[in-house]
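Mapped onto the numbering used here, the consecutive letters of the sequence shown carry residue numbers 358 to 497.
Beta carbons are placed, not taken as given, at the ideal position from N, Cα and C, and that holds for glycine.
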Amino acid sequence: MKRRRRTEILIQDDTTLAKQLAEGLLQNYTYREIVAPHYGLTMVKMRESAKNSLFYIGEVLVTEAKVEINQHVGIGVVQGMEDELALQLAIIDAAYNANLPQTKEWHDLLLQAEAEITMKKAKKQAELFETKVNFETMDN
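(1) Going by the CB atoms, is the gap between Glu425 and Ile391 shorter than 8 Å?
(2) Within 10 angstroms of its Cβ, does Val435 collect 16 or more other Cβ (buried), or is it exposed?
(3) Please report the residue range of the alpha helix (DSSP H) in which Met476 lies.
(4) Check whether the stretch 408-423 and the stretch 377-387 are in contact - that is, three or more C-beta pairs closer than 8 Å.
(5) Note the first and the last residue of the continuous beta strand (DSSP E) segment covering Thr364.
(6) DSSP on Gln428, reduced to helix/strand/coil?
(7) What are the boundary residues of the alpha helix (DSSP H) that Tyr453 is part of?
(8) Between which two residues does the alpha helix (DSSP H) holding Glu380 run?
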């Protein structure tokens with residue numbers, strides 16, 4: 358599973374999946390904090406549809422962390438002030454970069470969480486469509 362997809366699942370998950378994975382990993386491995394969770398700003402890119410060109414729409418506050426496990430570096434970046442989540446994402450990323458055996462067990466958990474996220478989004482969108490107003494013009 359690609360890093361981007363894995364990270365999106367862990368961030369969007371309502372449960373504490375990232376915490377469970379990171380804590381489970383730390384029972385067998387230790388990590389070295391390279392960069393403690395800290396706040397920063399990053400530029401957000403958007404694509405302008407008419408000219409199909411990229412531009413920066415503004416800045417967003419992020420929390421970043423960087424750790425090392427078995428001489429492999431992991432990075433965690435999350436929107437907002439989320440110190441713990443950024444550190445957990447960095448630990449999980451380092452585990453994947455180190456190709457630790459636990460990461461193979463996580464694949465099914467991540468897919469299950471992704472399916473639940475998709476179901477919740479679909480349910481929310483269905484609820485929104487129920488409130489949609491249909492404006493029809495009256496012909497005279």
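Quick look at the numbers:
(1) Yes; because the gap between Cβ atoms is below 8 Å, this pair is in contact.
(2) With 16 or more other CB atoms across the displayed protein chains lying within 10 angstroms of its CB, Val435 is buried.
(3) Looking at the DSSP string, the run of the alpha helix (DSSP H) that includes Met476 is Gln459 to Glu487.
(4) A contact is defined here as three or more CB-CB pairs under 8 Å, and the stretch 408-423 fails this definition with respect to the stretch 377-387.
(5) First-last for Thr364: Arg360 to Gln369, but that is the alpha helix (DSSP H), not the beta strand (DSSP E).
(6) It is coil, neither helix nor strand.
(7) In this chain, the alpha helix (DSSP H) harbouring Tyr453 covers Asp440 to Asn454.
(8) Segment Leu374 to Leu383, the alpha helix (DSSP H) holding Glu380.
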